[in-house]
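Line order of the protein sequences matches chains G and L.
Going by our numbering, the first sequence opens with residue 167, and the numbers climb by one from there.
Going by our numbering, the second sequence opens with residue 217, and the numbers climb by one from there.
Just so you know, even glycine gets a beta-carbon here, dropped at the ideal spot from N, CA and C.
Given the structure is predicted, the values throughout are model-derived calculations rather than measurements.
To start, the structure under review is shown below, and the notes come after it.
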Amino acid sequence: MHADRTNRTALIVFGCLVLLAGAAGMLTSVGVFSNAFSKHALFANQVSTYIGKNGAWVWPAAAAVCLLIALAALRWILVLLVSTDRAGDIALPGAKEHGTTKLPPAALTGALAGEVGRYHGVDSVRGRIIGDAASPQLVLTVTATPTADLSALHQRLESEALAHARQALGKQDLPVQLDLDVSRSSP
Amino acid sequence: MRVLNRPLAFILAAALVVASIIVIIEVIAATAHHGPVVLHWTTWYRWAQSTRWDARVVQVWSAILIVVGALILAVELKPPRVTRLRLHAGHQATDAALTRGGLAGTLRAAATSIDGITGAAVTVRRGRTVVAARAAARGRGAADALKQPVTDAVRSRLDGLDMDHPPHLKVRVTSGSR
Chain G
167 MHADRTNRTA
177 LIVFGCLVLL
187 AGAAGMLTSV
197 GVFSNAFSKH
207 ALFANQVSTY
217 IGKNGAWVWP
227 AAAAVCLLIA
237 LAALRWILVL
247 LVSTDRAGDI
257 ALPGAKEHGT
267 TKLPPAALTG
277 ALAGEVGRYH
287 GVDSVRGRII
297 GDAASPQLVL
307 TVTATPTADL
317 SALHQRLESE
327 ALAHARQALG
337 KQDLPVQLDL
347 DVSRSSP
Chain L
217 MRVLNRPLAF
227 ILAAALVVAS
237 IIVIIEVIAA
247 TAHHGPVVLH
257 WTTWYRWAQS
267 TRWDARVVQV
277 WSAILIVVGA
287 LILAVELKPP
297 RVTRLRLHAG
307 HQATDAALTR
317 GGLAGTLRAA
327 ATSIDGITGA
337 AVTVRRGRTV
347 VAARAAARGR
357 GAADALKQPV
367 TDAVRSRLDG
377 LDMDHPPHLK
387 VRVTSGSR
């Protein structure tokens, strides 16, 4: 699991809860709901009374919920610290009677970098394979020199390098994210 | 990726773990008829029993929560900065794009390829690109004379990129005296 979407969702939910709690506290405090209620103590309300009367099961239930929250948060921390979106070795299609051929992603990206690096106007190349090994995605970042013909380079990348990558993996529909950049230094 | 999200998420997750464990410990301790173990919640309990909703401290903490919540939502819901500008791709499974810096770099090169232009600053924003070129010659007339060639060069470079949504282009040429 790649954590970026989870992070954003959790932070939005947390932000909403904090904002709502603050707004509810402020509105209650200034007497918007009821002037009489704003004179009450914080715990002088029906919820606190209910919890006070049913503490024998409410607090153990709260502890159980906290256990689930702690486990989920620990898994979240684990994902944050060790997750990667990089794909593992990719099984190449073909006859499987005599075994399976697996291609390490670095072999493909290395070959692509070698090929693209020789194109006219290319300054540097970085490639990585992300996603599941069964349905990988190629991300290729090509940095061109400032004076390079980007349109010609783009066409050559599509017709040669990306076609070769799709051919090597036997996936004509291999999703590719191609990012063209231009180096800041003079050629 | 939003750079701030990972540390914020880590802090939130760690806070959830710590808070949950404290609640579990205190519930177990209370069930076993012990006093507070990690957190002296009885102090807070007595404070909440004696503090009214209209107390200043409640308003201050509510305001703090409103500000923190609004800040988090503002950071998370702000539209992300444009980093990739889509190009027409020849294959339906290809998502080709030019980076923001890449567009600035190639337009800068196009502008400075004109004789008499010593440098150019390019600003790429959502749907709009501004090229501010500097002329070597002094005087308004010299700068004005270079505006059309620079605009043509930059426009030609932009058109040649075959972008999905080409940005609106604005070109300025300033004289060397500035």
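In the three-state DSSP reduction, His384(L) falls in the strand class (E or B). Around the beta carbon of Thr266(G), a 10 Å sphere encloses fewer than 16 other beta carbons of the protein chains shown; the residue is thus reported as exposed. Within 8 Å of the CB of Pro270(G), no CB atom of chain L is found; the nearest one sits about 22 Å away. Straight across, the Cα-Cα distance linking Gly287(G) with Thr175(G) is about 41 Å. Only those residues of the stretch 201-213 of chain G whose C-beta falls short of 7 Å from the nearest C-beta of chain L are listed: Phe203, Ser204, Lys205, His206, Ala207, Leu208 and Phe209. Per the Cβ contact rule, the stretch 253-271 of chain L is not in contact with the stretch 310-320 of chain G (fewer than 3 Cβ pairs under 8 Å). The shortest CA-to-CA distance from Ile330(L) to any of Pro365(L), Ala245(L), Arg302(L) and Ala359(L) is the one to Pro365(L). With respect to chain G, the C-beta atom of Ala305(L) has a partner C-beta closer than 9 Å. Glu324(G) and Gly293(G) have their C-alpha atoms roughly 15 Å apart.
Assignment of beta strand (DSSP E) within the stretch 233-304 of chain L, counting only whole runs of 3 or more residues, yields 300-302 in chain order.
Around Thr315(L), the same chain offers Thr299, Arg300 and Leu301 as residues with beta carbons nearer than 8 Å, after the five sequence neighbours per side are excluded. Rounded to the nearest whole angstrom, the C-alpha separation of Ala229(L) and Ala227(G) is 21 Å. The C-beta of Asn173(G) has 16 or more other C-beta atoms within 10 Å across all chains shown, which makes the residue buried. One alpha carbon belongs to Val338(L), the other to Gly254(G), and they sit about 40 Å apart. Gln364(L) is outside the set of residues whose beta carbon lies under 9 Å from a beta carbon in chain G.
Close CB contacts of Gly318(L) within its chain, under the 6 Å cut and outside five residues either way in sequence, are absent. At a cut-off of 9 Å between C-beta atoms, Glu281(G) does not count as an interface residue with respect to chain L. Around Val340(L), the same chain offers Arg316, Leu319 and Ala320 as residues with beta carbons nearer than 6 Å, after the five sequence neighbours per side are excluded. The residue among His206(G), Ala329(G) and Gln343(G) with its C-alpha nearest the C-alpha of Lys337(G) is Ala329(G). Beyond the five residues adjoining it in sequence on each side, Gly197(G) comes within less than 8 Å, by CB distance, of Phe203 and Ser204 in the same chain, given in chain order.
The alpha-carbon separation between Val248(G) and Ile295(G) amounts to approximately 17 Å. The stretch 231-267 of chain G contains no complete beta strand (DSSP E) run of 3 or more residues. For Ser301(G), the uninterrupted beta strand (DSSP E) run begins and ends at Ser301 to Ala310, by DSSP. Setting aside the 5 residues that flank it on each side, Arg350(L) is surrounded in the same chain by Thr334, Gly335 and Thr390, each with a C-beta closer than 6 Å to its C-beta; the list follows chain order. Close to Thr310(L), with beta-carbon spacing below 7 Å, are these residues of chain G in chain order: Glu324, Leu328, Val342 and Leu344. In terms of CA proximity to Ala325(L), Val370(L) leads the group Arg354(L), Val370(L) and Ala305(L). Beta bridge pairing from DSSP links Gly293(G) with Leu306(G).
Residue environment for Asp368(L): exposed (fewer than 16 other C-beta atoms within 10 angstroms of its C-beta). Look at the stretch 340-370 of chain L: it has no residue with a C-beta under 7 Å from a C-beta of chain G. Residue-level contact check: Ser301(G) does not touch chain L, since none of the beta carbons of chain L fall below 9 Å from its beta carbon.
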